[in-house]
Amino acid sequence: MKNFGLKTMLVIVQALLLCVLITVVLDTHVSYAMSTIYIRANGAVEPSTAPISSVNNITYVLTNNINDSIVIERDNIILDGRGCTIQGIGSGNGIDLTSRINVTIENMKIENFTYGIYLAASSSITIFNNTITGNIWDGIYALYTDTSTIYGNTISLNKRYGIALSESGNNRIFHNSFIDNTNQTHIFASFGNVWDDDYPLGGNYWSDYEEKYPNATETDGSGIWNTPYVIDAYNMDRYPLIIPEFSTATVILLLTTTFILVTILTKKKMLL
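Start counting the sequence shown at 951; every next residue gets the next number (my numbering).
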């Protein structure tokens, strides 16, 4: 039987997570509405009025929310969302990386596209600290993509797959939280991928883990389950996490929600 303390902790985390996801859904920042934005091979941003700034044509920073896709045509750059949202209308790709090398996508929320992040024939891509949620098909779709790193992301509520890999190998995917996607993963002919950062750092959080492995227990108080999360015959998270690891934006919401709940409960106790 699982430890009561662990069960209680998981219930609390799940309740807080629900509050955070509701907050994310209800988020209503002003957005910059326009057509597709391009970061061209020469470093130019088109249209020039798009809310993306760069002083060196290497690091590109979002300065406002965006209501359309971003297509990246330049290699060796960083796209930093700085907490902004890229929101679609239920079609297209949130961020399109086709035939790209050494591009980093970080610190943003991407929602309501066909694919949140679309990768094709790309390598050395880094996807870090993003919230990728509510996309019509997949949070992340990777085709013919290799030697890339996907870590520290919250990938939730996507309506087909959280992440799909098609003929994509030798990628590292760890410290992500896969939460309530219709299917967490889809793998086709993809080999040599690593789904954890070894022990004791661990792998990913999977919201369906306890349903798939009801008899699993924690390994020596490490925060890691003792049973691997099997994706297919060639892909496995050896050290799945018990507690989600959220992106920075989600952590802020989680801490705020926790503070509010603690304040309410404390005041209620004082009145009794």
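Just so it is clear, CB atoms sit at the ideal spot from N, CA and C, and this is done for glycine as well.
Here the structure is a predicted model, which is why all the values come from computation and not from measurement.
{"Asked": "Identify every residue that forms a DSSP beta bridge with residue 1151.", "Found": "According to DSSP, which records beta bridges pairwise, residue 1151 is partnered with nothing at all."}
{"Asked": "Go through its chain and collect everything with a Cβ distance to residue 1051's Cβ below 6 Å, but skip five positions before and after it.", "Found": "1025, 1073 and 1074"}
{"Asked": "Opposite residue 986 in the DSSP bridges: which residues?", "Found": "DSSP, once it has assigned bridges, lists no residue as partnering residue 986."}
{"Asked": "Report all residues from its chain with a CB closer than 6 Å to the CB of residue 1115; omit the five preceding and five following residues, and keep chain order.", "Found": "1092, 1137 and 1140"}
{"Asked": "Does residue 1162 pass the burial test, meaning 16 or more other C-beta atoms within 10 Å, or should it be called exposed?", "Found": "exposed"}
{"Asked": "CB residue 1146 to CB residue 1111, shorter than 9 Å?", "Found": "no"}
{"Asked": "When the Cα atoms are used, what is the spatial distance from residue 1101 to residue 1186?", "Found": "16 Å"}
{"Asked": "Let me know the secondary structure DSSP gives residue 1109 once reduced to three states.", "Found": "coil"}
{"Asked": "Mind checking residue 1031: buried by the 16 CB within 10 Å criterion, or exposed?", "Found": "buried"}
{"Asked": "Cβ atoms of residue 1174 and residue 1164: under 9 Å apart, would you say?", "Found": "no"}
{"Asked": "For residue 1142, count neighbouring Cβ atoms within 10 angstroms of its own Cβ and tell me buried if that reaches 16, exposed if not.", "Found": "exposed"}
{"Asked": "Return the residue from the list 1034, 1054 and 1069 that minimises the CA-CA distance to residue 1042.", "Found": "1069"}
{"Asked": "Quick check on the DSSP output: the alpha helix (DSSP H) that includes residue 1160 runs from which residue to which?", "Found": "1159-1162"}
{"Asked": "Judging by CA-CA distance, which residue of 1049, 1033, 1017 and 1193 is the nearest neighbour of residue 1172?", "Found": "1193"}
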